[in-house]
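Participant:
Number of protein chains: 2
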Amino acid sequence: MNEFSLIKQYFTQCGESRDDVLLGIGDDAALLQTQPNSSLVMTMDTLIEEVHFPSSTSAADIAHKALAVNLSDLAAMGATPAWFLLSLSLPHSNEDWLSSFSQSLARQATQYGIKLIGGDTCKGPLSITIQATGMLENKAVLRSGAQLGDHIFVSGTLGAAALALAMLQNKLDKNDDFESFQQALNLPQPRLDVSQIVKHYATAMIDLSDGLLGDLEHILKASDCGAELFLDRIPMPNLIHQIKDYHYVLSGGDDYELCFTVPERYIKEVKQSLLAQKIAVFDIGNITQSGLTLYKGNDKQTMDISTHQGFQHFG
Amino acid sequence: MNEFSLIKQYFTQCGESRDDVLLGIGDDAALLQTQPNSSLVMTMDTLIEEVHFPSSTSAADIAHKALAVNLSDLAAMGATPAWFLLSLSLPHSNEDWLSSFSQSLARQATQYGIKLIGGDTCKGPLSITIQATGMLENKAVLRSGAQLGDHIFVSGTLGAAALALAMLQNKLDKNDDFESFQQALNLPQPRLDVSQIVKHYATAMIDLSDGLLGDLEHILKASDCGAELFLDRIPMPNLIHQIKDYHYVLSGGDDYELCFTVPERYIKEVKQSLLAQKIAVFDIGNITQSGLTLYKGNDKQTMDISTHQGFQHFG
């Protein structure tokens, strides 16, 4: 199987067809029609074996995560997924692996209405880069709009992926919840469901890829403000409370939940709109003038956060 | 230097600013304004150390080539460059390397009016993926439009990059032209100058990345036709005639010249328009009903091409 037959067999049909794809895979480049009243949102993320996922990760899970982390970025801007390109570097052409990978990719692409339109396949260390483009009819939700007094929300449980990674690396004993933690690590669900509602109310939004404190700090810096957080309001696996090691939830990373800020006056409405879709979100604190303070709970006993930082390459 | 300061120092300003970039590097994704009367052209290419370039290649040359091969794809569609995203995987953060890389990238980006709007930086094997987007006001020039009787052109000398690679790999003795061959290998010039004129006349176009015969075959398949080529009309370094090893020019690859087909009635006009810009192109053959025949010259002595194929990963 050569490069061209590989692309034809596994990638030519990936995601439902879209009217705005004038030409997909098969020429020097793809050709796309834009909408007159929408702007584009573009993101790109790479996953590399042993850097972003353990070698034991299945082809299906790798494909899922490679697309999910890009969809998560589109969600964080309030955009609707449209097209993506895939660059796949593979040590060798393994048909079972490619079949699992492409089926998983197609499943998620179809789920979110995003179409594979092009890319590149070559022989090399296992690495997957996806560039995804979304559409935006309204204003984007940036990191820079948080206002004093806004409430800070997260869209789901934090820390499970980091627990799974620690268990896989034998830094933590596996417990009965290992499988569900591993699912959080390998099969993150991009929160486009949350984003599509919250984008009408949020003043700032980010997706949590590098850990809550580090990512929230991006909002605080961009918005020139501070925050107070309440640990007992942050949803997390029980195990974290048991081992009392809160770095998993504060700086563990790989959560791919959304963190967003909402002005007091919209809180009732946004919660009701989300509940109508059976989506729960968690009010974990407030935007303040400056600094970042973590309280254990409403008794306002502070916790030291100086040792918690988000994940950084070359850090 | 961590990931964020690295991006800020080396990549936040890359390429001239553009009015249609509403938001560049620094949020979850970039935000772009589209034009009402143009469609988009999107391509993505990866370069990996030891797969696409030798380890001895300089940071500046790697950056140049990574962007050039994408610009070459945009040229092959008749598009005008607009935006690009960069995913850079680096074994370690070396400031000299990053400085050379980013300066070279910025130089070419500025030259072609394309702006870096986002991407990803991580620690891993040396690998560069660029996704580039161009604008198209007219129709795209596809691979599928070649017609019986069209003349086949190439935009410049073929085979020099393949000679350089063979010399670097000690498969061929270096000669006095080695430096210029190496320049062809490391610093390919995307032929946007040719494309911007030819796009108004060409029925089909492709950029030559995998070798003349293999890439021309993509046009022939897509257009359901054949071709006859005349070896003595193909521009190539003298060395190839001396060693009489024509695989360098027929299937060597890495040329990044354009190959395009033009109907007889437009030939005079397209040549004049190109000459007015001091651009020479080379009429190397004609589109036929079927098959692919290579003649030595006008005496129509045929040459065996069965051993010449374009480069294919996993081939």
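As given, the protein sequences belong to chains S and D, one line each in that order.
Counted the way our numbering counts, the first sequence spans residues 1 to 315.
Counted the way our numbering counts, the second sequence spans residues 316 to 630.
Even glycine gets a Cβ: it sits at the ideal position worked out from N, Cα and C.
All values reported here derive from a predicted model rather than from experimental measurement.
Report the CB separation of residue 608 of chain D from residue 465 of chain D in whole angstroms; it is logged as a contact under 8 Å.
Facilitator: For this step, residue 608 of chain D is matched to residue 293 along the second sequence. For this step, residue 465 of chain D is matched to residue 150 along the second sequence. 16 Å between Cβ atoms; not a contact.
Participant: Strictly below 7 Å CB to CB, what residues from chain S border residue 366 of chain D?
Facilitator: Here the question's residue 366 of chain D lines up with position 51 in the second sequence. Residues of chain S passing the Cβ test: 122, 123, 124.
Participant: Extract the residue ranges of the alpha helix (DSSP H) inside the segment 233 to 297 of chain S, only unbroken runs of 4 or more that lie entirely within it.
Facilitator: 238 to 243, 247 to 251, 267 to 276
Participant: To the nearest angstrom, how far is it from the Cα of residue 62 of chain S to the Cα of residue 186 of chain S?
Facilitator: The count along the first sequence starts at 1 and reaches residue 62 of chain S at position 62. The count along the first sequence starts at 1 and reaches residue 186 of chain S at position 186. Straight through space, the alpha carbons of residue 186 of chain S and residue 62 of chain S are spaced by roughly 7 Å.
Participant: Is the CB of residue 343 of chain D under 8 Å away from at least one CB in chain S?
Facilitator: Here residue 343 of chain D is taken as the residue at index 28 of the second sequence, counted from 1. Judged by the 8 Å Cβ criterion, residue 343 of chain D is in contact with chain S.
Participant: Mind checking the segment 346 to 372 of chain D against chain S and listing, in chain order, the residues whose C-beta falls within less than 7 Å of any C-beta there?
Facilitator: 346, 347, 348, 349, 351, 354, 355, 356, 357, 358, 359, 360, 361, 363, 366
Participant: Work out the CA separation of residue 495 of chain D and residue 552 of chain D for me, nearest whole Å.
Facilitator: As a position in the second sequence, residue 552 of chain D is number 237, starting the count at 1. As a position in the second sequence, residue 495 of chain D is number 180, starting the count at 1. Straight across, the Cα-Cα distance linking residue 552 of chain D with residue 495 of chain D is about 10 Å.
Participant: Check residue 134 of chain S in the structure and name its three-state DSSP category.
Facilitator: In the first sequence, residue 134 of chain S corresponds to position 134, counting from 1. Correct three-state label for residue 134 of chain S: strand.
Participant: Below 8 Å between beta carbons: does that hold for residue 527 of chain D and residue 473 of chain D?
Facilitator: One-based indexing of the second sequence puts residue 527 of chain D at position 212. One-based indexing of the second sequence puts residue 473 of chain D at position 158. Their beta carbons are under 8 Å apart, which means residue 527 of chain D touches residue 473 of chain D by this criterion.
Participant: How about residue 197 of chain S and residue 286 of chain S: are their beta carbons less than 8 Å apart?
Facilitator: Position 197 of the first sequence, counted from the start, is the residue given in the question as residue 197 of chain S. Position 286 of the first sequence, counted from the start, is the residue given in the question as residue 286 of chain S. It is not a contact, given that the beta carbons lie outside the stated cut-off.
Participant: Does residue 406 of chain D pass the burial test, meaning 16 or more other C-beta atoms within 10 Å, or should it be called exposed?
Facilitator: By one-based count along the second sequence, residue 406 of chain D stands at place 91. Note on residue 406 of chain D: under 16 other CB atoms within 10 angstroms of its CB, so exposed under the neighbour-count rule.
Participant: Would you please verify whether the beta carbon of residue 517 of chain D is less than 8 Å from any beta carbon of chain S?
Facilitator: The residue labelled residue 517 of chain D in the question sits at position 202 within the second sequence. Chain S, which has no Cβ nearer than 8 Å to the Cβ of residue 517 of chain D, makes this no.
Participant: Could you tell me whether any Cβ in chain S is nearer than 8 Å to the Cβ of residue 458 of chain D?
Facilitator: As a first step, residue 458 of chain D is located in the second sequence; it is residue number 143 there, counting from the start. So, interface residue.
Participant: Could you name the residues of chain D that residue 118 of chain S contacts, counting a contact when the two beta carbons are closer than 7 Å?
Facilitator: Taking the first residue of the first sequence as 1, we reach residue 118 of chain S at position 118. In chain order: 357, 358, 359.
Participant: Of all the options S:248, S:219, S:222, S:74, which has the alpha carbon lying nearest to the alpha carbon of residue 231 of chain S?
Facilitator: Here residue 231 of chain S corresponds to residue number 231 of the first sequence, with the count starting at 1. When each option's Cα is compared against that of residue 231 of chain S, the closest is S:248.
Participant: Output, in sequence order along the chain, the residues in the segment 79 to 93 of chain S whose CB is closer than 9 Å to any CB in chain D.
Facilitator: 79, 83, 85, 86, 87, 88, 89, 90, 92, 93
Participant: So, are the CB atoms of residue 73 of chain S and residue 344 of chain D less than 8 Å apart?
Facilitator: In the first sequence, residue 73 of chain S corresponds to position 73, counting from 1. In the second sequence, residue 344 of chain D corresponds to position 29, counting from 1. Against a cut-off of 8 Å, the Cβ pair of residue 344 of chain D and residue 73 of chain S comes out as a contact.
Participant: Beta-carbon separation of residue 355 of chain D and residue 71 of chain S under 8 Å?
Facilitator: Here residue 355 of chain D refers to the residue found at position 40 of the second sequence. Here residue 71 of chain S refers to the residue found at position 71 of the first sequence. Contact flag unset, no.
Participant: Anything in chain D within Cβ reach of residue 131 of chain S, meaning under 7 Å, just list it in chain order.
Facilitator: On the first sequence, position 131 is the one that residue 131 of chain S refers to. Ordered by position in chain D, the residues that pass the 7 Å Cβ test against residue 131 of chain S are 359, 400, 446.
Participant: Reducing DSSP to helix, strand and coil, say where residue 3 of chain S ends up.
Facilitator: Within the first sequence, numbered from 1, the residue matching residue 3 of chain S stands at position 3. Here residue 3 of chain S carries a helix assignment [DSSP, helix/strand/coil].
Participant: On the criterion of 16 or more Cβ atoms from any shown chain inside 10 Å, does residue 297 of chain S qualify as buried, or is it exposed?
Facilitator: To locate residue 297 of chain S, count along the first sequence from 1; it is residue 297. Counting Cβ neighbours within 10 Å, residue 297 of chain S comes out exposed, since fewer than 16 surround it.
Participant: Of all the CB atoms in chain D, is at least one closer than 8 Å to the CB of residue 206 of chain S?
Facilitator: As a working note, residue 206 of chain S is residue 206 in the first sequence. It does: the Cβ of residue 206 of chain S has a partner Cβ on chain D nearer than 8 Å.
Participant: Give the residues of chain D in contact with residue 74 of chain S, contact being defined as C-beta atoms less than 9 Å apart.
Facilitator: Translated into positions along the first sequence, residue 74 of chain S becomes position 74. Simply 343, 344.
Participant: Output the distance between the C-alpha atoms of residue 565 of chain D and residue 623 of chain D, rounded to the nearest integer angstrom.
Facilitator: Here the question's residue 565 of chain D lines up with position 250 in the second sequence. Here the question's residue 623 of chain D lines up with position 308 in the second sequence. Between residue 565 of chain D and residue 623 of chain D, the alpha-carbon positions lie close to 7 Å from each other.
Participant: Can you tell me where the alpha helix (DSSP H) holding residue 377 of chain D begins and where it ends?
Facilitator: Position 62 of the second sequence, counted from the start, is the residue given in the question as residue 377 of chain D. Where residue 377 of chain D is concerned, the enclosing alpha helix (DSSP H) stretches over 374 to 392.
Participant: What's the gap between the Cα of residue 411 of chain D and the Cα of residue 367 of chain D?
Facilitator: On the second sequence, residue 411 of chain D is found 96 positions in, with the first residue counted as 1. On the second sequence, residue 367 of chain D is found 52 positions in, with the first residue counted as 1. Their Cα atoms are separated by approximately 22 Å.
Participant: Would you kindly report the start and end of the unbroken alpha helix (DSSP H) that includes residue 197 of chain S?
Facilitator: Here the question's residue 197 of chain S lines up with position 197 in the first sequence. Run containing residue 197 of chain S: 192 to 198, per the alpha helix (DSSP H) assignment.
Participant: Taking DSSP as the reference, what is the three-state secondary structure of residue 349 of chain D?
Facilitator: Taking the second sequence and counting its residues from 1, the one referred to as residue 349 of chain D is at position 34. In this structure, residue 349 of chain D counts as coil in the three-state DSSP scheme.
Participant: What residues from chain S crowd round residue 382 of chain D, counting only those whose CB sits closer than 9 Å?
Facilitator: One-based indexing of the second sequence puts residue 382 of chain D at position 67. Those do not exist, as residue 382 of chain D stays about 14 Å from chain S at its closest Cβ, beyond 9 Å.
Participant: Just tell me which of S:205, S:289, S:37, S:101 has its CA closest to the CA of residue 10 of chain S.
Facilitator: Residue mapping note: residue 10 of chain S aligns to position 10 of the first sequence, counting from 1. Closest in C-alpha terms to residue 10 of chain S, from the list S:205, S:289, S:37, S:101, comes S:101.
Participant: If you run the structure through DSSP and keep just helix, strand and coil, what is residue 155 of chain S?
Facilitator: Here residue 155 of chain S is taken as the residue at index 155 of the first sequence, counted from 1. Residue 155 of chain S: coil per DSSP, three-state reduction.
Participant: Is there a Cβ of chain S sitting closer than 8 Å to that of residue 480 of chain D, yes or no?
Facilitator: Translated into the one-based positions of the second sequence, residue 480 of chain D becomes position 165. Taking Cβ atoms only, chain S never reaches closer than 8 Å to residue 480 of chain D, which makes this a no.
Participant: State the Cα-Cα distance for the pair residue 483 of chain D and residue 557 of chain D, rounded to the nearest angstrom.
Facilitator: Start at 1 with the first residue of the second sequence, and residue 483 of chain D comes out as number 168. Start at 1 with the first residue of the second sequence, and residue 557 of chain D comes out as number 242. Rounded to whole angstroms, residue 483 of chain D to residue 557 of chain D spans 19 Å at the Cα level.
Participant: Does the CB of residue 618 of chain D have a neighbour CB from chain S at under 8 Å?
Facilitator: Start at 1 with the first residue of the second sequence, and residue 618 of chain D comes out as number 303. Chain S, which has no Cβ nearer than 8 Å to the Cβ of residue 618 of chain D, makes this no.
Participant: Flag this pair as touching only if the segment 392 to 399 of chain D and the segment 418 to 436 of chain D have three or more C-beta atom pairs under 8 Å; answer yes or no.
Facilitator: yes
Participant: Measure the C-alpha to C-alpha separation of residue 46 of chain S and residue 615 of chain D and round it to an integer number of angstroms.
Facilitator: Stepping through the first sequence from its first residue, residue 46 of chain S is reached at position 46. Stepping through the second sequence from its first residue, residue 615 of chain D is reached at position 300. Each residue's alpha carbon lies about 51 Å from the other.
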